[in-house]
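Structure, as structure tokens:
Protein chains: 2
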Amino acid sequence: METLTGKNLIGNTWSSRGNAVLSPINPATGSASETEFFVASPEEIDSAGELASRAALDPNFLDLRKRSAFIYEIADQIEQLGDQLVEAACFETGLPEARIMGEKGRTVFQLRQFAQHMLAGFHLDLSWDQAETERVPIPKPDIRKMNIPVGPVAVFSAGNFPLAFSTAGGDTASALAAGCPVILKGHEGHLMTNEIVSQAILKAAEKCSMPDGVFSFVNGGYDVGEQLVKDPNISSIAFTGSTTGGKALIAYARERDEPIPVFCEMGSINPVLVSSSYQENHLDDLPEILAGSIFLGTGQFCTNPGLLLLEKGSKTSDFVEKLSKSLGAQNPTPMLSSKIFEGFSTRVKQLTGEEPSPKNHSSGFLLSVSGEQFLQDKKLQEEVFGPFSLAVIIENQEELQQILSSLEGQLTGSLYIEEDELHEKGAYWSVLTRRVGRIIYNGVPTGVEVCPSMNHGGPWPASSDQRFTSVGFDAIRRFLRPVSFQDFPEKHLPFELSREGLSSFPHRLNGQLIVPNG
Amino acid sequence: METLTGKNLIGNTWSSRGNAVLSPINPATGSASETEFFVASPEEIDSAGELASRAALDPNFLDLRKRSAFIYEIADQIEQLGDQLVEAACFETGLPEARIMGEKGRTVFQLRQFAQHMLAGFHLDLSWDQAETERVPIPKPDIRKMNIPVGPVAVFSAGNFPLAFSTAGGDTASALAAGCPVILKGHEGHLMTNEIVSQAILKAAEKCSMPDGVFSFVNGGYDVGEQLVKDPNISSIAFTGSTTGGKALIAYARERDEPIPVFCEMGSINPVLVSSSYQENHLDDLPEILAGSIFLGTGQFCTNPGLLLLEKGSKTSDFVEKLSKSLGAQNPTPMLSSKIFEGFSTRVKQLTGEEPSPKNHSSGFLLSVSGEQFLQDKKLQEEVFGPFSLAVIIENQEELQQILSSLEGQLTGSLYIEEDELHEKGAYWSVLTRRVGRIIYNGVPTGVEVCPSMNHGGPWPASSDQRFTSVGFDAIRRFLRPVSFQDFPEKHLPFELSREGLSSFPHRLNGQLIVPNG
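Protein chains in written order, with this note's numbering: chain A, 1 to 518; chain B, 519 to 1036.
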């Protein structure tokens, strides 16, 4: 067990040259920790950028197998973290031990999935078009193409996932797997957790002979974020958090001369459509299931079902009543911070007239409105971050179509519809598919499976670039770019593009996909 | 043969509601054509956007096979265009007939390559993770993922490629192949050519029962471009042209609430490094080869070798002299427009004190500077659009490393180095690889092969998004985004994700790549 220093990690060096400090607060009790954490100074951030830029060219880090071993080692180091991690994370976030243990397991699993899948080389998009020296009017050259890393990535730790979307979370794992050094901007909601995990990454980097600068960790607020986004050494940004935070980063990036990709996963209200027949047939179980999803993690997931589209039928009022009761009956649990609680409390009060209690804790809330009210008031589409959902009672098919068409971009859309209704109501989901990143049949949106087929992202404003997922192995694609080698002598090509490399990885040969030993 | 109308094509309707007009000019003679071309009105552009947005949901257009047939038909229609096209293009651009015929062939070839490769389904990135209903603590759902089109794309026709990067060029072909309707912004340098090709596309769309709005064509200047970039119906931008033009589009896009991807291929100076040994061994042929590449298309290619990095050796001054003579001896050919000629003439005069002549025509120019001069004057890195190249005489290895590190992002980098020098000088190309999109061994950068392994793009400012190519089949990836289907009943999945679809296309099954019949 390491002592907490409250310092920033600039490459392999713990550093505290800044003056401002931050203190960890227990959201459930309001008590503060003794350790103070230093906000990174502009010079420290500059140094992190320069070190990252050099580390990006390091042969050890660029070697696919060595990099994979490094990521496996990070997973091992995190797995070995014991009580200190759990106690710190529970203290800072108010989340229960079981959740922290579960999230630790997910973090380790994610790291190992990247470390494993990267060895298969699918993400390299290897391609070889062979020369045709006799072609007329001009010979065809030998051209081979592969993906290489874009360069250093600034990752912004998420408030609602102190481990799985933070220091060694999915963004960090995918950037490192791609071959990009990471500068991690810590979240002030879990300062101690950030440092403990950073210590684990540093140990892994040293054990695996990774270059100084392969990972840095800095604390701070908007100023630190702004400097990172504008740093010329940074090639890409990954962020999971609020719309306000994401939009601020996008605005900073727009002030850069050189455009860089900014991946912001900003959450959404994840519409859930329930047909009138389904309500009738599932009055006994669905309200409980939905209430469980809405209240999961005290409602602080980006896939929280914040919008229920209920086709009006004979059982709709019973359905809403059962759901509302079930939500109100949830035992109040702590929210992630007093700031988040205040924001949630204000919105809930505006919308329902009710107030969550006791301080910093909440049970679940439901507001029911008509389709007409929903269409008239654009503000009802705004995410309420916490255990709240809006039930919209829909009069007819025309109103439903209007509502679906008016929806902003979403991470997910769920359809609770009987199978024999699917064909007849197919038009819903063809419209819905255009507005979401993942469409779910008879299931809740919470619970984001970590697998290659997962898409976690969606049309604006759910995320800033709908073409990429932030969960699952394909998240690596955010941090890669192609480069072609024309007429290079065999022995001077990068290993992956040599005959030996091509014979061990999937690749296209003159446009035909080939899987060796496949 | 159709009569030229000078109108815009809004969906399937020729329209001329605007007041301003543009006239085709022959750059070689200065004479104007009789037909005037209407600048599109704001209402016409709005209509094109709305039609495109509706066309994006059309089942015929979304069907992979029908869409492929449509693209094949466009190729056939263009192939059938005869003298009218050649005469118009030669008149407007000053390019010789052989070049226009070659470019027509390339355009048809590109369209067919997209139409063919899209049927293989590799670009769909199909993936299936099977359910594990017995998994604890929670069952694993069935998740399948595929790429779908992002929505309507605004394509900006390039000035220097009236066919291959214009109305039915690579950007249009890749957007249509992806399933995205196209609004084509014509280039005022080849107004007649734009309309003739648009007529061919309209015929193909009608013949293949494609929806109204699958393709529109509008004429105009910066105002029209600005409106297109800011149109809420537009999901993506593709542009090939000058840095000034590209930066203007990026600035317009930054004013949008909703960020969209902007793909600008803005050209570069394409450094060519020649070792002193190579100069000695190839004094007889390389100067001629380089002069031919610099003068190709009167130097108006984005892959024009504008920067020659010459290691100083015993034959360097002979090498420069031969190259300079060869360039000066080129028979002056017309440039694309008087505007381009004026720009070129001004820059050449500033740099060399010489002047191209006769009016609107040019032979080739070379300026020779020391490594030190090059490092001191950032302006020497600016592209001179036309038949000009800058030879930099490099004193030693340290200076060369400094120069390579100081280079801006480039489309290509060439190495003329003997094979036995490659190992020793490997450091050059590992640095160079980071600055370019394509690296060429002992070859000129001009001549961009259209094949899956081609990468045409590069780090800023060569292009605005180095992660994507604008030439070759992978250009389709700019216009796709993933969507996941969770727990959907087999018969209600999109065909591509059904068992039948998966059994006919390459896909990942639980992370393992599978090629049916492969």
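Heads up, the beta-carbon is just placed ideally off N, CA and C, and yes, glycines get one too.
Using only CA atoms, which one of the options lies nearest to residue i?
i: A/Leu308; options: A/Ser324, A/Pro489, A/Ala131 and A/Glu354; result: A/Ser324
i: B/Gly707; options: B/Phe859, B/Ile958, B/Arg585 and B/Met664; result: B/Phe859
i: A/Phe161; options: A/Ile269, A/Leu51, A/Glu288 and A/Thr298; result: A/Thr298
i: A/Gly121; options: A/Ser414, A/Lys7, A/Ala98 and A/Met146; result: A/Met146
i: A/Thr412; options: A/Tyr441, A/Thr29 and A/Ser166; result: A/Tyr441
i: B/Val673; options: B/Arg995, B/Ser684 and B/Cys820; result: B/Ser684
i: B/Gly861; options: B/Glu652, B/Asn973, B/Asn849 and B/Pro874; result: B/Pro874
i: A/Gly466; options: B/Ser971, B/Trp978 and B/Pro1000; result: In the sequence on display, residue 466 of chain A carries Gln and not Gly. Nearest option by C-alpha distance: B/Pro1000.
i: B/Ser551; options: B/Ile921, B/Glu610, B/Gly1019 and B/Leu694; result: B/Glu610
i: B/Glu568; options: B/Asp741, B/Lys857, B/Ser863 and B/Phe733; result: B/Phe733
i: B/Asn530; options: B/Ala718, B/Ala693 and B/Met619; result: B/Ala718
i: B/Leu613; options: B/Gln894, B/Lys896 and B/His879; result: B/His879
i: B/Gln1030; options: A/Gly30, A/His123 and A/Asp58; result: A/His123
Please list, in chain order, all residues of the same chain as residue i whose beta carbon is under 7 angstroms from its beta carbon, the five residues on each side excluded.
i: B/Ala606; result: Met710, Thr711 and Ile714
i: B/Glu591; result: Ala722, Lys725 and Cys726
i: B/Ala771; result: Val747, Ile755, Ile778 and Val780
i: B/Phe991; result: Gln631, Phe632, His635 and Pro970
i: A/Thr172; result: Val155, Val182 and Leu184
i: B/Ser533; result: Lys525, Asn526 and Glu562
Once you ignore the five residues that flank residue i on each side, which residues in its own chain have a CB closer than 6 angstroms to its CB?
i: A/Leu163; result: Glu103, Lys104 and Thr107
i: A/Leu85; result: Ile196
i: A/Ser515; result: The residue asked about is misnamed: residue 515 of chain A is Val in this sequence, not Ser. If we look at A/Val515 and ignore the five residues flanking it on each side, its Cβ neighbours are Pro506.
i: A/Glu226; result: Tyr252
i: A/His187; result: Ser157 and Gly159
Check the Cβ-Cβ distances between residue i and every residue of chain B, and say whether any is below 7 angstroms.
i: A/Gly443; result: yes
i: A/Cys264; result: no
i: A/Val515; result: yes
i: A/Leu422; result: yes
i: A/Phe488; result: yes
i: A/Glu398; result: no
i: A/Gln227; result: no
i: A/Pro287; result: no
i: A/Ser453; result: yes
i: A/Arg54; result: no
Cβ of residue i within 7 angstroms of Cβ of residue j?
i: B/Ser988; j: B/Gly976; result: no
i: A/Ser414; j: A/Ile294; result: no
i: A/Val348; j: A/Gly371; result: no
i: B/Ile661; j: A/Glu449; result: yes
i: B/Asp594; j: B/Asn1028; result: no
i: A/Ala534; j: A/Ser326; result: Limits of chain A in this structure are 1 at one end and 518 at the other, which puts residue 534 of chain A out of reach.
i: B/Thr964; j: B/Phe819; result: yes
i: A/Gln110; j: A/Gly170; result: yes
i: A/Pro141; j: A/Asp420; result: no
i: A/Phe479; j: A/Ala168; result: no
i: A/Gln330; j: A/Ser363; result: yes
Would you say residue i reaches chain A, if we count a Cβ-Cβ gap shorter than 7 angstroms as a contact?
i: B/Glu713; result: no
i: B/Gln920; result: no
i: B/His1010; result: yes
i: B/Ile661; result: yes
i: B/Asp647; result: yes
i: B/Pro1024; result: yes
Please return the same chain residues whose Cβ sits closer than 8 angstroms to the Cβ of residue i, not counting the five positions on each side in sequence.
i: B/Ile768; result: Val780, Cys782 and Ser982
i: B/Pro876; result: Pro850
i: B/Glu829; result: Leu791, Val792, Ser793, Ser794, Gln797, Ile912 and Leu918
i: B/Val539; result: Gly524, Glu554, Phe555, Phe556 and Val557
Closer than 6 angstroms to a non-hydrogen atom of the ligand GDP - does that hold for the CB of residue i?
i: B/Glu916; result: Of ligands this structure carries none, so the ligand GDP is not represented either.
Just to confirm the assignment: which complete alpha helix (DSSP H) runs, minimum length 4, are found wholly within the segment 245 to 282 of chain A?
276 to 281
Write down every uninterrupted run of the alpha helix (DSSP H) in the segment 838 to 869 of chain B whose length is 4 residues or greater and which is fully enclosed by it, in chain order.
none
Just to confirm the assignment: which complete alpha helix (DSSP H) runs, minimum length 4, are found wholly within the segment 894 to 967 of chain B?
915 to 924, 937 to 940 and 944 to 953
Which runs of the beta strand (DSSP E) at least 3 residues long sit entirely within the segment 985 to 1026 of chain B? Give them in chain order.
998 to 1004
Could you tell me which uninterrupted beta strand (DSSP E) segments, each at least 3 residues in length, are contained entirely in the segment 198 to 243 of chain A, listed from first to last along the chain?
215 to 218 and 236 to 240
Scan the segment 22 to 96 of chain A and note each continuous alpha helix (DSSP H) run of 4 residues or more that stays entirely inside, going in chain order.
42 to 55, 59 to 62, 64 to 79 and 83 to 93
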